[in-house]
Amino acid sequence: VMWMWGGFAIDNSTLARFYSLHFLLPFMILGFTLIHLLFLHQTGSNNPMGLNSNYEKIAFSPYFSMKDLFIYFIMMLFLAWICFYFPWSLGDPENFIPANPLVTPIHI
1 VMWMWGGFAI
11 DNSTLARFYS
21 LHFLLPFMIL
31 GFTLIHLLFL
41 HQTGSNNPMG
51 LNSNYEKIAF
61 SPYFSMKDLF
71 IYFIMMLFLA
81 WICFYFPWSL
91 GDPENFIPAN
101 PLVTPIHI
C-alpha cells in the first residue's frame, strides 16, 4: 500500500498517481485492443466448434442478437421490479434517521 499511496497518508502524490493512472488506463486498453485486432487479422481466427462448412454454422444476426436482446429486456424488467417494489431494500438504514440541525453527527 505504501508504494501505491506514496506514503503513510493520502496526499498530493497519491492523487497525482491515481489521476495519471485513470488518465492513461483507457489509452492502454485501446492500444492492447488494437494490437489484438492486428494479430487477429494477420493470423485469422480459430473455429472452436470445428465446423468447416457454412451450412452448419449459425448466423450471428438475427439469432444471437435476438437472444441477447431478450436477455437484456429480462434483466431490465428484473431491475425495474426491484426498483418499483423494493425501493428501500438496497438503501442505507441511516437515511431513515431524521436530521437534527442542532446536533453534529458523531463521525464528523
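The letter at position 36 of the sequence shown is residue 36 when you use the UniProt record's numbering, and the numbering goes up by one with no holes.
For glycine and all other residues, C-beta sits at the position ideal for the given N, C-alpha and C.
Local conformation of residue i per DSSP, three classes
i	result
GLY7	coil
HIS41	helix
PRO26	helix
PRO102	The amino acid at residue 102 is misidentified as Pro; the sequence shows Leu. The answer is coil: DSSP assigns LEU102 none of H, G, I, E or B.
PHE86	coil
GLY91	coil
HIS107	coil
ILE74	helix
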